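If you read the protein sequences in the order shown, they are chains A and B.
By numbering that gives the first Met the number 0, the letter at position 292 of the first sequence is numbered 291, and the numbering carries on one by one without gaps.
By numbering that gives the first Met the number 0, the letter at position 416 of the second sequence is numbered 415, and the numbering carries on one by one without gaps.
Here a beta-carbon is modelled for each residue, glycine too, at the ideal position from N, C-alpha and C.
From a predicted model like this one, the values you see are computed outputs, not experimental measurements.
Number of protein chains: 2
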Amino acid sequence: MDHEAFRQHGHAMVDWLADYFRDLEQRRVVPEVRPGEIRAALPSAAPELGAPFETIFADFERQILPGMTHWGHPGWFAYFPSNGSPPSLLAEMLATGLGAQCMSWITSPAATELEQVVMAWLRDLLGLPTAFTGVIQDTASSSTLVACLTARDRMGDAASRMTAYCSREAHSSVAKAFRLAGIPADRVRVIAVDDTYAMLPEALEDALAADAAAGLVPGIVVATMGTTSSTACDPLRAIGELAQAVGAWYHVDAAYGGTAAICPEIRPLLDGVELADSVVTNPHKWLMTHFDCSAYYVRDVEALQKTFRTSPEYLRTAQDQEVANFRDWGIPLGRRFRALKLWFVLRSYGAEELRTLLRKHIALGHELASWVDAEPQWERMAPAPLGLVCLRHVPPELVGDEPALAAHNAALMARVNATGEVFLTHTLLDGRYAMRVAIGAWRTERRHVERVWGLLREAGET
Amino acid sequence: MDHEAFRQHGHAMVDWLADYFRDLEQRRVVPEVRPGEIRAALPSAAPELGAPFETIFADFERQILPGMTHWGHPGWFAYFPSNGSPPSLLAEMLATGLGAQCMSWITSPAATELEQVVMAWLRDLLGLPTAFTGVIQDTASSSTLVACLTARDRMGDAASRMTAYCSREAHSSVAKAFRLAGIPADRVRVIAVDDTYAMLPEALEDALAADAAAGLVPGIVVATMGTTSSTACDPLRAIGELAQAVGAWYHVDAAYGGTAAICPEIRPLLDGVELADSVVTNPHKWLMTHFDCSAYYVRDVEALQKTFRTSPEYLRTAQDQEVANFRDWGIPLGRRFRALKLWFVLRSYGAEELRTLLRKHIALGHELASWVDAEPQWERMAPAPLGLVCLRHVPPELVGDEPALAAHNAALMARVNATGEVFLTHTLLDGRYAMRVAIGAWRTERRHVERVWGLLREAGET
Numbered sequence: 000m001d002h003e004a005f006r007q008h009g010h011a012m013v014d015w016l017a018d019y020f021r022d023l024e025q026r027r028v029v030p031e032v033r034p035g036e037i038r039a040a041l042p043s044a045a046p047e048l049g050a051p052f053e054t055i056f057a058d059f060e061r062q063i064l065p066g067m068t069h070w071g072h073p074g075w076f077a078y079f080p081s082n083g084s085p086p087s088l089l090a091e092m093l094a095t096g097l098g099a100q101c102m103s104w105i106t107s108p109a110a111t112e113l114e115q116v117v118m119a120w121l122r123d124l125l126g127l128p129t130a131f132t133g134v135i136q137d138t139a140s141s142s143t144l145v146a147c148l149t150a151r152d153r154m155g156d157a158a159s160r161m162t163a164y165c166s167r168e169a170h171s172s173v174a175k176a177f178r179l180a181g182i183p184a185d186r187v188r189v190i191a192v193d194d195t196y197a198m199l200p201e202a203l204e205d206a207l208a209a210d211a212a213a214g215l216v217p218g219i220v221v222a223t224m225g226t227t228s229s230t231a232c233d234p235l236r237a238i239g240e241l242a243q244a245v246g247a248w249y250h251v252d253a254a255y256g257g258t259a260a261i262c263p264e265i266r267p268l269l270d271g272v273e274l275a276d277s278v279v280t281n282p283h284k285w286l287m288t289h290f291d292c293s294a295y296y297v298r299d300v301e302a303l304q305k306t307f308r309t310s311p312e313y314l315r316t317a318q319d320q321e322v323a324n325f326r327d328w329g330i331p332l333g334r335r336f337r338a339l340k341l342w343f344v345l346r347s348y349g350a351e352e353l354r355t356l357l358r359k360h361i362a363l364g365h366e367l368a369s370w371v372d373a374e375p376q377w378e379r380m381a382p383a384p385l386g387l388v389c390l391r392h393v394p395p396e397l398v399g400d401e402p403a404l405a406a407h408n409a410a411l412m413a414r415v416n417a418t419g420e421v422f423l424t425h426t427l428l429d430g431r432y433a434m435r436v437a438i439g440a441w442r443t444e445r446r447h448v449e450r451v452w453g454l455l456r457e458a459g460e461t
Numbered sequence: 000m001d002h003e004a005f006r007q008h009g010h011a012m013v014d015w016l017a018d019y020f021r022d023l024e025q026r027r028v029v030p031e032v033r034p035g036e037i038r039a040a041l042p043s044a045a046p047e048l049g050a051p052f053e054t055i056f057a058d059f060e061r062q063i064l065p066g067m068t069h070w071g072h073p074g075w076f077a078y079f080p081s082n083g084s085p086p087s088l089l090a091e092m093l094a095t096g097l098g099a100q101c102m103s104w105i106t107s108p109a110a111t112e113l114e115q116v117v118m119a120w121l122r123d124l125l126g127l128p129t130a131f132t133g134v135i136q137d138t139a140s141s142s143t144l145v146a147c148l149t150a151r152d153r154m155g156d157a158a159s160r161m162t163a164y165c166s167r168e169a170h171s172s173v174a175k176a177f178r179l180a181g182i183p184a185d186r187v188r189v190i191a192v193d194d195t196y197a198m199l200p201e202a203l204e205d206a207l208a209a210d211a212a213a214g215l216v217p218g219i220v221v222a223t224m225g226t227t228s229s230t231a232c233d234p235l236r237a238i239g240e241l242a243q244a245v246g247a248w249y250h251v252d253a254a255y256g257g258t259a260a261i262c263p264e265i266r267p268l269l270d271g272v273e274l275a276d277s278v279v280t281n282p283h284k285w286l287m288t289h290f291d292c293s294a295y296y297v298r299d300v301e302a303l304q305k306t307f308r309t310s311p312e313y314l315r316t317a318q319d320q321e322v323a324n325f326r327d328w329g330i331p332l333g334r335r336f337r338a339l340k341l342w343f344v345l346r347s348y349g350a351e352e353l354r355t356l357l358r359k360h361i362a363l364g365h366e367l368a369s370w371v372d373a374e375p376q377w378e379r380m381a382p383a384p385l386g387l388v389c390l391r392h393v394p395p396e397l398v399g400d401e402p403a404l405a406a407h408n409a410a411l412m413a414r415v416n417a418t419g420e421v422f423l424t425h426t427l428l429d430g431r432y433a434m435r436v437a438i439g440a441w442r443t444e445r446r447h448v449e450r451v452w453g454l455l456r457e458a459g460e461t
């Protein structure tokens with residue numbers, strides 16, 4: 000395929016995508032496919048001879064598209080949103096076309112420097128101290144692992160007695176990062192939470208004291224701003240003071256909630272973040288930037304580089320002493336040009352329009368919470384400070400019967416999801432089954448929130 | 000920006016990209032920019048108000064593009080190639096537009112199953128045994144770390160006595176993976192190489208025996224097919240037999256060279272790969288598929304998942320027992336839909352056209368090697384089995400003076416790169432400075448190889 004053939008197929012692709020966006024709401028959010036069905040329909044061997052692009056694309060429409068889940072659908076209330084806006088898509092087209100691989104400054108000088116610029120822009124928009132330096136990682140999972148590895152290496156020989164701390168509500172990637180960093184389960188402390196699902200600083204204090212008394216060395220404390228189950232916000236200041244007092248690395252996981260701090264009224268939920276050694280927040284969730292784009296901020300860049308730097312002769316360049324070589328700031332050597340999409344998004348919307356969008360989602364969340372609170376047979380199961388509402392249906396005859404309530408709500412959610420109009424997922428809060436309505440897909444309007452609430456109530460009545 | 004505005008700007012972007020591809024050869028490969036220059040020209044704060052897309056794109060052309068290194072340029076001879084073909088770009092446009100996040104089967108069933116299908120296609124094209132199961136990782140760095148972590152965890156308590164092995168010529172990501180996996184430097188063995196820069200199995204055997212005698216436990220052996228400095232190929236069978244005999248995990252890093260095994264005549268360089276526990280090769284280097292797309296093959300999927308699986312309630316799905324949830328096959332939770340580009344590439348070209356392309360590069364490499372060999376003042380510094388030729392200029396007056404030869408060749412390479420027509424990088428081979436001419440960018444034709452050789456000889460004569 001030469002450049003003129005690309006031009007032809009590229010125009011067709013743009014039209015297809017524009018139509019897809021226009022008609023997205025008419026599709027099911029989650030497809031009706033059985034495990035193995037798509038795989039079974041595809042050939043078992045690669046073709047020896049090439050096919051015309053029209054044939055391949057027809058097969059995409061016939062065999063792949065019917066099996067796709069549509070994350071951009073306005074009825075997306077599952078997990079957390081993964082927003083990809085048109086300016087972000089244009090940036091991805093451009094960055095991919097340029098084929099830049101941004102491991103070192105010299106391999107794409109503008110990409111490296113634009114990453115420095117947009118990460119500083121975002122830091123300032125979030126109200127983070129200028130002592131933080133940013134780098135784009137793929138995911139919060141990787142960012143948290145990067146924090147754990149840096150914390151571990153900073154300890155030197157004491158790493159063999161390193162302990163790690165997070166709350167019971169911390170994301171599974173935190174426990175995974177501890178494990179991958181080689182911290183055994185018997186040196187990981189899962190700290191209790193209060194009735195808002197936020198970490199109890201007193202419980203952390205006790206755990207730190209007990210470990211110190213036992214000759215162990217607290218190495219890393221991870222707090223969360225906006226937990227996955229319920230968007231609980233740990234008291235970052237109190238936790239940070241405890242971490243600092245024992246010399247532990249303090250990592251704040253604000254993967255979902257953090258970007259909302261572009262709104263000054265949300266910043267109190269991040270109060271104390273300036274005590275952190277590292278912070279992660281994902282523009283690829285709520286901030287209109289396609290996955291993957293995880294913003295990792297770190298105070299001690301030298302400690303970071305000490306853990307991740309390599310300097311074989313074949314990677315050395317004349318500029319190594321004066322530039323950032325981002326290959327030394329994380330796990331992978333190769334890196335895509337991800338700063339471009341964040342730049343296009345920040346410039347296309349401007350901070351004010353992004354704030355307006357996030358405020359709309361948060362207001363819709365509060366509104367849904369108020370509707371739930373007003374219905375006697377429905378229970379809101381956690382505070383809803385951001386866009387997520389946790390709820391369940393409690394018919395009078397099931398009050399107090401937790402296994403029955405779990406089964407009832409799981410079946411209810413399955414019926415709602417089966418409509419294909421919306422997609423919800425669930426969690427457990429204090430052992431109780433809860434449906435999660437995560438409002439934050441950028442195409443979601445008030446009428447979609449009304450609709451999901453209508454579907455839930457209908458399902459509760461049947 | 001709504002879908003109609005996207006349509007408009009998308010069409011303009013496609014035309015821009017098609018023109019960019021058409022005119023790519025007229026650009027400098029590496030830009031003439033000084034560190035900090037681009038950063039200094041950009042505003043220090045994000046805008047409060049959005050800008051029209053035309054303004055943003057004009058700023059891209061004015062401020063960013065002049066600072067980009069062009070990896071797709073036909074004069075790209077640096078590092079290894081990172082090929083992005085038009086079908087791959089079309090797939091990336093589509094996958095990005097769909098916004099799929101492929102952490103679990105349910106979050107994109109077709110993406111998960113297509114990944115299973117294309118990874119099996121590629122495995123079979125490479126001649127790898129069907130006992131290998133594939134998963135796409137971002138980079139070989141991450142794939143090798145995944146192998147190390149799996150190997151470590153499989154050892155249980157013996158991990159504290161785990162030793163790790165690779166050759167002196169292994170990629171820096173291997174040593175980095177050992178370090179990140181918590182294997183201290185005093186338990187890492189860097190094995191000597193022969194005069195082709197391939198690992199000496201006898202040296203490995205001695206090291207394994209010495210460690211066993213010292214009460215240590217050999218945990219992982221990493222062999223390379225196609226080293227970064229010179230595309231040396233370790234004797235995979237002999238190394239695999241030694242690794243198996245001591246029960247160590249055997250990982251084969253074929254990041255660059257592996258994909259060439261789609262050509263049967265290259266497969267002898269992978270002889271013995273069937274002894275491996277894991278293999279990595281990168282379609283994003285030579286196989287026309289945009290970065291990132293690293294093919295990781297593993298024999299013991301259960302061991303892999305045991306290390307990387309998480310199963311918090313909020314990620315559980317009804318299908319967990321019958322599907323692959325690729326979130327459990329690596330470090331990040333979130334994953335892009337990367338199988339689509341590999342599918343588009345394999346279907347657009349077909350295996351035969353991909354073989355033809357790789358054979359062209361390999362033949363050009365052999366041809367350049369023969370030209371170097373025929374010139375008395377030029378020295379070819381290593382075998383050139385694939386597309387890479389390592390060479391240096393040896394003027395009679397500098398024979399035997401290694402520091403002077405290094406300075407002379409570094410200056411010579413700087414002059415050649417300063418033309419902007421080509422981009423070369425260097426390495427050290429047995430302590431001697433070598434220029435690397437890596438032939439493999441898909442737009443590179445015979446005339447570009449003639450040109451780089453002409454530029455080198457001209458620079459040698461001045």
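- Contacts with chain B at 8 Å (Cβ-Cβ) do not include A/Gly-399.
- Within the same chain, and ignoring the five residues on either side of B/Phe-290 in sequence, the residues whose Cβ sits closer than 6 Å to its Cβ are Ser-81 and His-283.
- Under the 8 Å Cβ criterion, the stretch 92 to 109 of chain B counts as touching the stretch 333 to 340 of chain B, having at least three qualifying pairs.
- Following the DSSP letters along the chain, one finds B/Pro-200 inside the alpha helix (DSSP H) bounded by residues 200 to 212.
- Taking 8 Å as the cut-off, the Cβ atoms of A/Asp-299 and A/Ala-139 do not count as close.
- For A/Pro-311, the closest of A/Gln-7, A/Ala-44 and A/Ser-103 by C-alpha to C-alpha distance is A/Ser-103.
- Distance between A/Pro-51 and B/Leu-199, taken at the CA atoms: about 47 Å.
- Bounds of the beta strand (DSSP E) holding A/Pro-217 are 216 to 223.
- For secondary structure counted as the alpha helix (DSSP H) over 4 or more consecutive residues, the stretch 254 to 324 of chain A holds these complete runs in sequence order: 282 to 285 and 300 to 307.
- A/Leu-427 is positioned such that its CB atom lies no closer than 8 Å to that of A/Ala-260.
- B/Ala-437 is bridged by DSSP to B/Leu-387.
- DSSP places B/Trp-70 in the coil class of the three-state scheme, outside both helix and strand.
- When C-beta distances to chain B are compared with 9 Å, the residues of the stretch 145 to 172 of chain A below that value are Leu-148, Arg-151, Asp-152, Ala-158, Ser-159, His-170, Ser-171 and Ser-172, in chain order.
- Within the stretch 268 to 289 of chain A, the residues whose Cβ lies closer than 8 Å to some Cβ of chain B are His-283 and His-289, listed in chain order.
- With respect to the C-alpha of B/Arg-178, the residue from B/Phe-56, B/Gly-419, B/Thr-424 and B/Cys-147 having the closest C-alpha is B/Cys-147.
- Annotation: Cβ neighbours of A/Ser-228 in chain B (cutoff 9 Å, chain order): Pro-311, Glu-312 and Tyr-313.
- Rounded to the nearest whole angstrom, the CA to CA distance from A/Pro-73 to A/Val-28 is 9 Å.
- The alpha-carbon separation between A/Ser-277 and A/Arg-346 amounts to approximately 26 Å.
- Residues are counted here when their Cβ sits less than 7 Å from a Cβ of chain B; for the stretch 12 to 25 of chain A these are Met-12, Val-13, Asp-14, Leu-16, Ala-17, Tyr-19, Phe-20 and Arg-21, given in chain order.
- In the DSSP assignment, A/Cys-165 falls within the beta strand (DSSP E) that extends over 161 to 166.
- Ranked by Cα distance from B/Phe-79, the first of B/Leu-269, B/Arg-354 and B/Thr-226 is B/Thr-226.
- CA-CA distance, B/Arg-266 to B/Thr-355, rounds to 15 Å.
- Per DSSP, B/Glu-60 is not a residue of any alpha helix (DSSP H), being assigned neither H nor E.
- Nearest Cα to A/Leu-423 within the set A/Ala-417, A/Arg-435 and A/Lys-175: A/Arg-435.
- A residue is called buried once 16 or more other Cβ atoms fall within 10 Å of its Cβ, and A/Gly-246, having fewer, is exposed.
- If you draw a straight line from the Cα of A/Tyr-295 to the Cα of B/Asp-22, it comes to about 37 Å.
- Taking 8 Å as the cut-off, the beta carbon of B/Val-216 is found no closer than this to the beta carbon of B/Arg-153.
- Residues Met-287, Thr-288, His-289, Lys-340, Phe-343 and Val-344 of the same chain have their beta carbon placed closer than 7 Å to that of A/Ser-87, with the five preceding and five following residues left out of the count.
- A Cβ of chain A is located within less than 8 Å of the beta carbon of B/Gly-96.
- Residue-level contact by beta carbon fails for A/Gly-246 and chain B, as no gap is shorter than 8 Å.
- About 6 Å separates the CB atoms of B/Leu-411 and B/Gly-459; that is less than 8 Å, so the two are in contact.
- Distance from the CA atom of A/Val-192 to the CA atom of A/Ala-231, rounded to whole angstroms, is 10 Å.
- Counting along the chain, the unbroken alpha helix (DSSP H) around A/Trp-15 starts and ends at 2 to 22.
- When secondary structure is reduced to three states using DSSP, A/Cys-232 falls in the strand class.
- Taking a C-beta cut-off of 8 Å against chain B, the contacting residues of the stretch 99 to 116 of chain A are Ala-99, Gln-100, Trp-104, Ile-105, Thr-106, Ser-107, Pro-108, Ala-109, Ala-110, Glu-112, Leu-113, Gln-115 and Val-116, listed in chain order.
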